[in-house]
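Report on the structure given below.
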Amino acid sequence: MTTHELQARLREVRRRIGQAAERAARAPGEITLIAVSKTHSAESIRLAFDAGVLHFGENRVQEWEGKQRALGDLHARWHLIGHLQSNKAAKAARLFHSVDSVDDISLARKLDRSRAEAGAAEKLRVLIEVNLGNEETKSGVLPEAIVPLAREILSLPRFHLAGLMSIPPFLGQPEGVRPYFRRLRELRDAAAGGLAHPLPVLSMGMSHDFEVAIEEGATEVRVGTALFGHREASQP
Ligand SMILES: *Cc1c(COP(=O)(O)O)cnc(C)c1O
Numbered sequence: 000m001t002t003h004e005l006q007a008r009l010r011e012v013r014r015r016i017g018q019a020a021e022r023a024a025r026a027p028g029e030i031t032l033i034a035v036s037k038t039h040s041a042e043s044i045r046l047a048f049d050a051g052v053l054h055f056g057e058n059r060v061q062e063w064e065g066k067q068r069a070l071g072d073l074h075a076r077w078h079l080i081g082h083l084q085s086n087k088a089a090k091a092a093r094l095f096h097s098v099d100s101v102d103d104i105s106l107a108r109k110l111d112r113s114r115a116e117a118g119a120a121e122k123l124r125v126l127i128e129v130n131l132g133n134e135e136t137k138s139g140v141l142p143e144a145i146v147p148l149a150r151e152i153l154s155l156p157r158f159h160l161a162g163l164m165s166i167p168p169f170l171g172q173p174e175g176v177r178p179y180f181r182r183l184r185e186l187r188d189a190a191a192g193g194l195a196h197p198l199p200v201l202s203m204g205m206s207h208d209f210e211v212a213i214e215e216g217a218t219e220v221r222v223g224t225a226l227f228g229h230r231e232a233s234q235p
């Protein structure tokens, strides 16, 4: 991929974000673009950073560990957006600014401890991943488990709980996903009220449906294909 191609794609994604925000009477600046760089090279990540992208999402700790060595000089924010296995928690706590896919209290405790052991000055930002479609194959907690998990997470000293994340069922028509995005916003509103703790972040929407997500209140969209092109088939 050339710088020129990447810049053109980024412009197009930003234009789509801007238009969706406008339709929803929101400021485009309220929406953070997370460039999902899984399977793509460190060089592509650097190109995107140079073009102005500040947030990147990776879904495998191991893969990111391999790439980050070449990118240590970039002042970007690195998000883990994929399912985290317990035996990778220590690495994840060290290698990411944010874990956007927390769905388990024992995993959260392990991340919290590892963050302390790593001596990180900054708290680990976390989002609770919610399984909205009740899909057995997907990670994430069911809606009724959000508040209990959030209460436990709020007691962890190295965590900053910022909001919710979801990967709704994949539907051909982005419009079909709208009820899921709306549901996540409603669940967030209810949880924030119940906990008396603000949960400003809603991470929802990918390449094919992020406009609908923005119309429903997304504050972070996770965009891979529309920025970096198609991935090799083996990755979700
Ligand atoms: C791969 C991935 C994305 C990006 O998907 P695209 O359709 O390529 O934009 C977003 N979120 C998560 C959790 C992913 O794993």
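For the sequence shown, numbering that gives the first Met the number 0 assigns the number 235 to the last residue and increments by one with no breaks. Glycine included, C-beta positions come from ideal geometry on N, C-alpha and C. Please read all numbers here as calculations on a predicted model, not as lab measurements.
Short Cβ contact (7 Å threshold) for residue i with residue j
{"i": "S26", "j": "A47", "result": "The sequence as given places Ala at residue 26; Ser does not occur at that position. Not a contact, by the Cβ cut-off of 7 Å."}
{"i": "R181", "j": "E214", "result": "no"}
{"i": "V125", "j": "F95", "result": "no"}
{"i": "F227", "j": "H78", "result": "no"}
{"i": "A41", "j": "F55", "result": "no"}
Residue i versus residue j - alpha carbon distance
{"i": "T1", "j": "P156", "result": "43 Å"}
{"i": "L73", "j": "H82", "result": "25 Å"}
{"i": "D208", "j": "A88", "result": "30 Å"}
{"i": "S138", "j": "V101", "result": "9 Å"}
{"i": "S202", "j": "S43", "result": "23 Å"}
{"i": "R93", "j": "R108", "result": "14 Å"}
{"i": "N133", "j": "L141", "result": "7 Å"}
{"i": "E21", "j": "L198", "result": "23 Å"}
{"i": "E231", "j": "N58", "result": "15 Å"}
{"i": "G17", "j": "S85", "result": "38 Å"}
{"i": "R15", "j": "L194", "result": "34 Å"}
Neighbour-count burial assignment, residue i, 16 or more Cβ in a 10 Å radius
{"i": "F169", "result": "exposed"}
{"i": "L153", "result": "exposed"}
{"i": "E210", "result": "buried"}
{"i": "N130", "result": "buried"}
{"i": "G171", "result": "exposed"}
{"i": "D111", "result": "buried"}
What are the uninterrupted segments assigned as beta strand (DSSP E) that are 3 or more residues long and contained completely in the region 17-64, given in chain order? 31-35 and 54-57
Exercise for the section: Jot down the residue ranges of each uninterrupted alpha helix (DSSP H) in the region 143-215, minimum 4 residues, whole runs only, in chain order. Expected result: 145-153, 173-194 and 209-214
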